[in-house]
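Trainee:
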Amino acid sequence: MVTLMATKELLTQLQEGKLLCIEHVNQQLVLIKKENPRINAFLYTAEKEALERARALDGKRKKGKVGKLFGLTVGVKANINVIGMPISCASKTLENYYGTYNADVIEKILAEDGIIIGITNMDEFACGISGETSAFGPTINPTSPKHVPGGSSSGSAAAVAAGLCDVALGSDTGGSIRNPASHCGIVGIKPSYGRVSRYGLIDLSMSLDQIAPCAPDTDGCALLLEVISGYSDNDPMMYPLSVPLFTHFGKQPKTIALSPVFEELCKDKKIYKIVKEKVLDFAKKQKLILKEIDLKYVALAVESYYPIVYTEFFSGTRKYDGRRYGKRIEESCKEEVLRRIIGGRMISCAEYEGRYYRKALRVRRAIQEEFEKAFKEVDVIALPTTPELPHLLRKIPSPEASYAYDAFTIPANLAGICAGVVPAGKIDGVPVGVQLYAGNFKEDVLVTVMKVMEGQ
Ligand code: GLN
């Protein structure tokens, strides 16, 4: 395992020219060649593009001012469009599809001098919790190789954890950046819905999806989030809000809460113990008020999430009919994707009676209101990322068990609030991340707490 350099230190070395971009990219390409055949984090390495850009950036530095991400290499999940790169969603359906435009987030990264180094592996069309539903083989967890790395952004988290790129983009619809960040021992943030433009993201469920950053530390994650955030006319659901500087960490909040519902739902009590101890210690050292908060509708999160995802996914996949691009999805996808398409069609047909989707939306509203109320009383809520440890590779759980695995991450997507994960400890060598929820568009509060918590 390589030791990861702190993002700030790496950035300073690059910006001051102590480490040339070309040297940095070359070193990482060597590491990718050595490690990727085993880890399978990258589906495509952008060797030529990254080297060209590194050379151009080294030239730029000599002439003057450089961008916020100067020289940092970025891995991009295979569901985010980058011109000329294979954006397959880890599916045979889009195996031969190459990005024809740049997603908004890619334009922003390039404008701040980041270097796209490759396209990362994932669960097929972002449906999954382990990376194992990829049509191009599972990703290996570099930190705990017998266990899955988590998903669906398996490749992004594994690439960061193995030092194959400096930061990475994933997407988070129900936990897909937080779950692999926790299992690989890195940091991940799901932004508030509407914080980051979804233009160029191939959607799983458009009312829940957000493009989400991960990095070895909170500094890197907050920096990438700052760069990709901000209003875009291309995404009609964006919140027209100016972006606070996440890297200038704000004032320490006053209250942090735990909730008994998460303790009850946590199947592996050792996980809850690690999280609780971390939070108690944090509250004591930082002199925060520790509260207990009652949340009841979150227990229905999984049951309401899936009807919404099935329905929106079914509708979103109608374009893969084999006529314009890609293959006909029903004939080329794997089991989990097909399950959602068939289920989504059935729910859509039954919907005139309001049997599933409309009911799910009612629960979603109740969860939103529950959090609106909670965040009037507390600044952050702490909980585990997943109720169990990641399963052993190839010991694939049943669909029901996989769905239940996201019980602690899904509530944030349903409510639209922001959430982040930082490492809290290990159980038998497997990393465990503590998850923090903060209110809608309270990313400044979130990253401030994450930064202090990761440091102690
Ligand atoms: N595991 C969840 C699902 O399969 C979440 C996936 C995600 O966040 N993309 O839908």
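In the numbering used here, the protein residues as written are 153 to 608. A virtual CB, placed ideally from N, CA and C, is assigned to each residue, including glycine.
Using C-beta distances below 6 angstroms, list every residue in its chain close to L166, excluding the 5 sequence neighbours before and after it, in chain order.
Mentor: Locating residue 166 in the sequence shown gives position 14, counting from the first residue. So the list reads F222 and G223, once near-sequence residues are dropped.
Trainee: Taking the alpha carbon of A242 as the reference point, which residue from T272, D256 and R510 has its own alpha carbon closest?
Mentor: For the purposes of this step, residue 242 is identified with residue 90 of the sequence shown, where counting begins at 1. Comparing Cα positions, the closest option is T272.
Trainee: Relative to the C-alpha of A451, which candidate in Y477, P405, L566 and R546 has its C-alpha closest?
Mentor: As a position in the sequence shown, residue 451 is number 299, starting the count at 1. Checked all of Y477, P405, L566 and R546; the closest Cα to A451 is L566.
Trainee: Alpha carbon to alpha carbon, what distance is there between A534 and G322?
Mentor: Your numbering for residue 322 matches position 170 in the sequence shown. Your numbering for residue 534 matches position 382 in the sequence shown. Rounded to the nearest angstrom, the two C-alpha atoms are 22 angstroms apart.
Trainee: What first and last residue would you give for the alpha helix (DSSP H) that runs through S456?
Mentor: On the sequence shown, position 304 is the one that residue 456 refers to. First-last of the alpha helix (DSSP H) with S456: A453 to G468.
Trainee: So, does the region 458-476 touch the region 508-526, judging by three or more C-beta pairs under 8 angstroms?
Mentor: Yes, they touch.
Trainee: Check whether the Cβ of G280 lies closer than 6 angstroms to any heavy atom of the ligand GLN, and answer yes or no.
Mentor: Residue mapping note: residue 280 aligns to position 128 of the sequence shown, counting from 1. Yes.
Trainee: How big is the Cα-Cα spacing for S411 and L513?
Mentor: Locating residue 411 in the sequence shown gives position 259, counting from the first residue. Locating residue 513 in the sequence shown gives position 361, counting from the first residue. Approximately 24 angstroms between the Cα atoms of the pair.
Trainee: Does the beta-carbon distance from L356 to F465 come in below 7 angstroms?
Mentor: Counted from its first residue, the sequence shown places residue 356 at position 204. Counted from its first residue, the sequence shown places residue 465 at position 313. For L356 and F465, yes; Cβs fall inside 7 angstroms.
Trainee: If I measure Cβ to Cβ from L246 and keep anything under 6 angstroms in the same chain, skipping five residues before and after, which residues do I get?
Mentor: Taking the first residue of the sequence shown as position 1, residue 246 is located at position 94. Contacts found: S240 and G478.
Trainee: Tell me whether R546 sits in a helix, a strand or coil according to DSSP, three-state version.
Mentor: Working through the sequence shown from its first residue, we reach residue 546 at position 394. Note: R546 maps to coil in three-state DSSP.
Trainee: Is DSSP giving L221 helix, strand or coil here?
Mentor: One-based indexing of the sequence shown puts residue 221 at position 69. In this structure, L221 counts as coil in the three-state DSSP scheme.
Trainee: Check whether chain B comes within 7 angstroms of M605, counting only Cβ atoms and requiring the distance to be less than that.
Mentor: This model lacks chain B altogether, as it is built from one protein chain only.
Trainee: Looking at C-alpha atoms only, which residue of K214, I268, K217 and F560 is the closest neighbour of V177?
Mentor: Position 25 of the sequence shown holds residue 177. Here the closest residue by C-alpha is I268.
Trainee: Quick check on the burial criterion: 16 or more other C-beta atoms within 10 angstroms. Buried or exposed for N105?
Mentor: Within the shown structure, residues of the chain are numbered from 153 to 608, placing residue 105 beyond reach of any answer.
Trainee: Take L172 as the anchor and find which of R205, T155, K185 and L183 has the nearest alpha-carbon.
Mentor: In the sequence shown, counting from the first residue as 1, residue 172 sits at position 20. Selected option, being the one with the closest Cα: R205.
Trainee: Where does I258 land, buried or exposed, given buried means 16+ other C-beta within 10 angstroms?
Mentor: Counting from 1 along the sequence shown, the entry for residue 258 is found at position 106. I258 should be labelled buried.
Trainee: Is the number of C-beta pairs between the region 204-218 and the region 333-349 that are closer than 8 angstroms three or more?
Mentor: These segments do not touch.
Trainee: Can you look up E444 in the DSSP assignment and give me helix, strand or coil?
Mentor: In the sequence shown, residue 444 corresponds to position 292, counting from 1. If DSSP states are grouped into helix, strand and coil, E444 belongs with the strands.
Trainee: Going by the C-beta, is L356 closer than 6 angstroms to any heavy atom of the ligand GLN?
Mentor: Residue 356 sits at position 204 when you count from the first residue of the sequence shown. True, at least one ligand heavy atom lies under 6 angstroms from that Cβ.
Trainee: Measuring only from the beta carbon, is G337 closer than 6 angstroms to any heavy atom that is part of the ligand GLN?
Mentor: Along the sequence shown, one-based indexing puts residue 337 at 185. No.
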